[in-house]
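So the structure is just underneath, and the comments pick up after that.
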Amino acid sequence: MSDAGPTPGSQVDWRHDVFRILKEADVKHMVYVPDAGHSTAIRLADEDNAINSVVLTTEEEGIGYLAGAWLGGERGALLMQSSGVGNCINTLALQACTRFPLLMVVTMRGDWAEFNAWQNPMGQATEKALNLMGVLTWRADEPQDVAPLLHGAASMAFNGDAACALLLGQRLIGEKQWVK
Numbered sequence: 004m005s006d007a008g009p010t011p012g013s014q015v016d017w018r019h020d021v022f023r024i025l026k027e028a029d030v031k032h033m034v035y036v037p038d039a040g041h042s043t044a045i046r047l048a049d050e051d052n053a054i055n056s057v058v059l060t061t062e063e064e065g066i067g068y069l070a071g072a073w074l075g076g077e078r079g080a081l082l083m084q085s086s087g088v089g090n091c092i093n094t095l096a097l098q099a100c101t102r103f104p105l106l107m108v109v110t111m112r113g114d115w116a117e118f119n120a121w122q123n124p125m126g127q128a129t130e131k132a133l134n135l136m137g138v139l140t141w142r143a144d145e146p147q148d149v150a151p152l153l154h155g156a157a158s159m160a161f162n163g164d165a166a167c168a169l170l171l172g173q174r175l176i177g178e179k180q181w182v183k
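In terms of my numbering, the sequence shown is residues 4 to 183.
Take a look at the structure:
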């Protein structure tokens, strides 16, 4: 697996880095609830015949799906928004009790410059909630941090049977605008 950064003077394409690092980690299943922050990785997974791209109705379904994929000998990743972490809290007990590798990539809401007050409570509690459930977390707020942090999280999840999450900060994703 490579975590080499961009060449000097080049622009870091963190959205493509998410897909590239997951692919390099031999992820065969990307499960997600649709989210604009993950749209590039989702589109690339949909276009890649080597990856099973699965739309979920709710995020906690992804934890069970990925446990099954691991039992079948394949790796997967759960892509979700911070609001979806709240849906997963009880289901994270499955990983805590069975110790299968669980890799999550979480786009943050309720973070910097949030326009939707409903996103704030879970957005502010996301990292703490994950940590309380035994999930190791890292946060990327700069494009150049995404690839090395996701590489490290994937390595720790798949080589150490750990639950790991990379949080993609709202400053990285960009300010969301209310569309009237």
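Glycine included, every Cβ here is placed at the ideal spot set by N, Cα and C. Note that the structure is a prediction, hence the values are computed from the model and not measured.
To the nearest angstrom, report how far apart Gly89 and Leu47 are at their CA atoms.
Here residue 89 refers to the residue found at position 86 of the sequence shown. Here residue 47 refers to the residue found at position 44 of the sequence shown. Approximately 27 Å, taken between the alpha carbons.
Take Leu25 as the anchor and find which of Ala72, Asn93 and Met107 has the nearest alpha-carbon.
The residue you call residue 25 lines up with position 22 of the sequence shown. Out of Ala72, Asn93 and Met107, Met107 has the C-alpha closest to the C-alpha of Leu25.
Which stretch, first to last residue, makes up the beta strand (DSSP E) that contains Trp141?
Position 138 of the sequence shown, counted from the start, is the residue given in the question as residue 141. Looking at the DSSP string, the run of the beta strand (DSSP E) that includes Trp141 is Leu139 to Ala143.
Short check: CB of Ala150 to CB of Asp51, under 8 Å?
As a working mapping, residue 150 is identified with position 147 in the sequence shown. As a working mapping, residue 51 is identified with position 48 in the sequence shown. No; because the gap between Cβ atoms is not below 8 Å, this pair is not in contact.
Distance, Cα to Cα, Phe118 vs Gly40?
What you label residue 118 is simply residue 115 of the sequence shown in a count that begins at 1. What you label residue 40 is simply residue 37 of the sequence shown in a count that begins at 1. Taking the straight line from one Cα to the other gives about 16 Å.
Cα-Cα separation, Gly154 to Arg142
In the sequence shown, counting from the first residue as 1, residue 154 sits at position 151. In the sequence shown, counting from the first residue as 1, residue 142 sits at position 139. It is His, not Gly, that sits at residue 154 in the sequence shown. So the alpha carbons of these two residues sit roughly 13 Å apart.
Inspect the CB distances between the stretch 102 to 116 and the stretch 157 to 175 and report whether three or more fall short of 8 Å.
yes
Beta-carbon separation (whole angstroms), Gly172 vs Met125, contact threshold 8 Å:
By one-based count along the sequence shown, residue 172 stands at place 169. By one-based count along the sequence shown, residue 125 stands at place 122. Wrong, their Cβ atoms sit about 15 Å apart, outside the cutoff.
Can you tell me which of the three DSSP states Met159 falls into?
The count along the sequence shown starts at 1 and reaches residue 159 at position 156. Reduced to three states, the DSSP call for Met159 is helix.
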